[in-house]
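Chains as they are written, first to last, in the working numbering: chain D, 1 to 319; chain S, 320 to 447.
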Amino acid sequence: MNFVLSLVFSSLAVLVVVLIPWIGVGALDLTTLFGVVIPYAALATFIVGIIVRVLNWGRSPVPYRIPTTAGQMWSFPWIKSNPIDNPKGAGGVVVRMLFEVLTFRSLFRNTRLEYRRVEGVPRINYEWEKWLWLAAILFHYSFLVIFLRHFRFFMDPVPGFVTLLQNLDGFMQMGAAPFNGFGLPGVYITDMLLMAAATWLLLRRILYSQLRYLSLPADYFPLMLILSLGFSGMLMRYLFRVDIVKVKELVIGLFKFHPVVPDGIGVLFFIHLFILCVLIAYFPFSKLMHLGWHLFKPHKEPLQQQPLCPACESLELPR
Amino acid sequence: MYDGGKIIIGLIIGIGLFLSPFFYNAGSSAKPPDPQLTKKAKEAKVCVEPTRYMRESHFTMLDEWRHTVVREGERYYKAADGKIYYKSLQVTCMNCHSDKTKFCDQCHNYMDVSPYCWDCHIAPEEKK
Numbered sequence: 001m002n003f004v005l006s007l008v009f010s011s012l013a014v015l016v017v018v019l020i021p022w023i024g025v026g027a028l029d030l031t032t033l034f035g036v037v038i039p040y041a042a043l044a045t046f047i048v049g050i051i052v053r054v055l056n057w058g059r060s061p062v063p064y065r066i067p068t069t070a071g072q073m074w075s076f077p078w079i080k081s082n083p084i085d086n087p088k089g090a091g092g093v094v095v096r097m098l099f100e101v102l103t104f105r106s107l108f109r110n111t112r113l114e115y116r117r118v119e120g121v122p123r124i125n126y127e128w129e130k131w132l133w134l135a136a137i138l139f140h141y142s143f144l145v146i147f148l149r150h151f152r153f154f155m156d157p158v159p160g161f162v163t164l165l166q167n168l169d170g171f172m173q174m175g176a177a178p179f180n181g182f183g184l185p186g187v188y189i190t191d192m193l194l195m196a197a198a199t200w201l202l203l204r205r206i207l208y209s210q211l212r213y214l215s216l217p218a219d220y221f222p223l224m225l226i227l228s229l230g231f232s233g234m235l236m237r238y239l240f241r242v243d244i245v246k247v248k249e250l251v252i253g254l255f256k257f258h259p260v261v262p263d264g265i266g267v268l269f270f271i272h273l274f275i276l277c278v279l280i281a282y283f284p285f286s287k288l289m290h291l292g293w294h295l296f297k298p299h300k301e302p303l304q305q306q307p308l309c310p311a312c313e314s315l316e317l318p319r
Numbered sequence: 320m321y322d323g324g325k326i327i328i329g330l331i332i333g334i335g336l337f338l339s340p341f342f343y344n345a346g347s348s349a350k351p352p353d354p355q356l357t358k359k360a361k362e363a364k365v366c367v368e369p370t371r372y373m374r375e376s377h378f379t380m381l382d383e384w385r386h387t388v389v390r391e392g393e394r395y396y397k398a399a400d401g402k403i404y405y406k407s408l409q410v411t412c413m414n415c416h417s418d419k420t421k422f423c424d425q426c427h428n429y430m431d432v433s434p435y436c437w438d439c440h441i442a443p444e445e446k447k
């Protein structure tokens, strides 16, 4: 699909996602459908979808594992190997995976191919490119903090770690805008970071020609969905507020299997909730399943090192 | 399944974390907050602005009051219905809502909000 068309298609899809609850709750008042039925259905899709997908991956045969890790593999004791990049035992794998999962090490290696002319001579260079890593790590950690902060709506009584996160995240005690009426509630740093990082992740797909060529609606749509999720959430906190006490009653009711939909929750909440429902229902079918990939990357994360070639064993060649 | 045990353990931990609010709330009573109006507030019937606005955005109003009073010296607030109020947490708000634990704290504790009003203001003494 042409990239303009992909962008238009994804934006329209997100627009529809926003309009459905807006009309459904704003005009038709279907609060039980959007507050109870759809969230349960979306959560069930999310959980079952992840289980099916992961088990499916687990069952897929991997007849020939080809490690393509960056480091030197262990061969002879006198050849220096890289125990973390190309691990030999389980310990190395754990260290490698921790680095990968917690610090996104493979993204840190990212370079960008650039074509330019130096004194009239064409040159191809591998340019320094850490912006992807920076945006990705800010985005993911901000998302995690925001998700965990939301546990103040999910749990009663609110656990201590949520309070701690809230205080740390909002430690600037600063209003959203320097005008009267925007001084409270205080700004969360992660809100801003998430929006900035996700915007960059979207922009780079539009600005870099190579990425523009590679990108599909499946790349734009989740990003736009997350941007609109963040945007609706921020609108709800900083501008058009909803009655969050009633929101929590609704959410706790869902978690206790005693759903109640209190009257008088603003429609913006249902838009936010519906975007989330679409996101998690879409999750198992999309690239967002990279959540579960790390256990299944035999070429990157060899949980168990296989011989490079079975024939090598009989030849007594190094593995 | 290759490495089936590891995959299933990982899956159970991951899904368990996502479902943790179900387990956490199962044991708790999770009573919604019940802010009590004092006799005086009940008699007054109306607050500064409509109930819905007060429930959603009272802190915006308080913040606005704080700024206009401290920085601009404007001590009077004209409500949407034309009534004039003296901008003061302790004198105006707490005049009716004098019972902090039964009113303010009800929702604040439920939502895990700790407003810093009482860093400077003195919380009213409550008759037990």
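Where is the CB? At the ideal position from N, CA and C, for every residue including glycine. The structure displayed is predicted, hence computed values, not measured ones.
Simplified DSSP assignment, three categories, for residue i
i	result
S/E375	helix
S/K325	helix
D/I265	coil
D/Y282	helix
D/V245	helix
D/C312	Unreliable positioning characterises D/C312 in this predicted model, as indicated by a pLDDT of 47, which lies under 50. The coordinate reading is nonetheless provided below. It is helical.
D/R116	strand
D/W128	strand
D/P307	Only weak support exists for where D/P307 lies, its pLDDT of 47 falling under 50; the coordinates are left without a value.
S/Y396	strand
D/I20	helix
S/Y429	helix
D/Y208	coil
D/V4	helix
S/R385	helix
D/P122	strand
S/T357	coil
D/T111	strand
D/Y141	helix
S/I441	coil
8 Å Cβ shell around residue i - same chain, five flanking residues per side excluded
i	result
S/D424	none
D/K287	A218, D219 and P222
D/L7	I206 and Y220
D/V247	F153, I265 and F269
D/E249	V260 and P262
D/D169	V145, R149, Y188, I189 and T190
Own chain, CB closer than 7 Å to residue i, minus 5 neighbours either side, in chain order
i	result
D/V278	V17 and L225
S/R394	V388, Y405 and K406
D/I215	Checking the sequence shown, residue 215 of chain D turns out to be Ser, not Ile. F3, S6 and R205.
S/M430	none
Residue j beta carbon less than 8 Å from that of residue i
i	j	result
D/V383	D/T32	Because chain D is modelled from 1 through 319, residue 383 of chain D falls outside the range shown and cannot be assessed.
D/I47	D/F274	no
S/A360	S/H416	yes
D/L137	D/F99	A small correction: the amino acid at residue 137 of chain D is Ile; Leu does not occupy that position in the sequence shown. No.
D/I51	S/L336	no
D/E127	D/E119	no
D/F296	S/P340	no
D/A369	D/A281	Lying outside 1 to 319, the shown extent of chain D, residue 369 of chain D is not represented and no answer is given.
D/L227	D/A197	no
D/V54	S/I328	no
D/G24	D/F34	yes
S/E375	D/R241	yes
D/R123	D/R112	no
S/P352	S/C412	no
Close Cβ partners of residue i (< 6 Å) along its chain, the five nearest in sequence each way excluded
i	result
D/W74	S81 and K88
S/K419	A442
S/Y396	Y404 and K406
S/P434	none
D/F151	V162
D/A70	D85
Cβ-heavy atom distance, residue i to the ligand FMN, below 7 Å
i	result
D/F296	Absence of the ligand FMN is noted for the structure shown, with no ligands found whatsoever.
TODO: May I ask you to verify whether the region 332-348 of chain S touches the region 145-162 of chain D, counting CB pairs closer than 8 Å and requiring at least 3?
DONE: yes
TODO: Using a Cβ-Cβ cut-off of less than 7 Å, give me the residues of the region 419-444 of chain S that come near chain D, in sequence order.
DONE: C426, Y429, M430 and D431
Open item on the list: Against chain D, which members of the region 398-409 of chain S pass a CB distance test of less than 9 Å?
Closed with: none
Open item on the list: For the region 144-172 of chain D, list every residue whose C-beta sits within 9 Å of some C-beta in chain S, in sequence order.
Closed with: F151, R152, F153, F154, M155, D156, P157, V158, P159, V162, T163, Q166 and N167
Open item on the list: For the region 264-271 of chain D against the region 222-236 of chain D, do three or more pairs of beta-carbon atoms, one drawn from each stretch, fall closer than 8 Å, so that the two count as touching?
Closed with: yes
- [ ] Check each residue of the region 238-249 of chain D: if its Cβ is closer than 7 Å to any Cβ of chain S, include it; give the result in chain order.
- [x] R241, V242, D243, I244, V245, K248 and E249
TODO: Please determine if the region 180-191 of chain D and the region 381-399 of chain S are in contact, where contact requires at least 3 C-beta pairs separated by less than 8 Å.
DONE: yes
- [ ] For the region 103-119 of chain D and the region 131-147 of chain D, state whether three or more C-beta atom pairs, one from each stretch, are separated by less than 8 Å.
- [x] yes
Open item on the list: What are the residues in the region 364-390 of chain S lying within 7 Å of chain D by C-beta distance?
Closed with: R371, R374, E375, S376, F378, T379, D382, E383, H386 and T387
Task: Under 9 Å (Cβ pairs) to chain S, residues found in the region 39-54 of chain D - done: L43, F46, I47, I50, I51 and V54
- [ ] Can you give me, in chain order, the residues of the region 67-100 of chain D that have a beta carbon less than 8 Å from any beta carbon in chain S?
- [x] none
TODO: Can you give me, in chain order, the residues of the region 262-274 of chain D that have a beta carbon less than 9 Å from any beta carbon in chain S?
DONE: P262, G264 and G266
TODO: Taking only beta carbons into account, state which residues of the region 172-193 of chain D come closer than 9 Å to chain S, listed in chain order.
DONE: Q173, G175, N180, G181, F182, G183, L184 and P185
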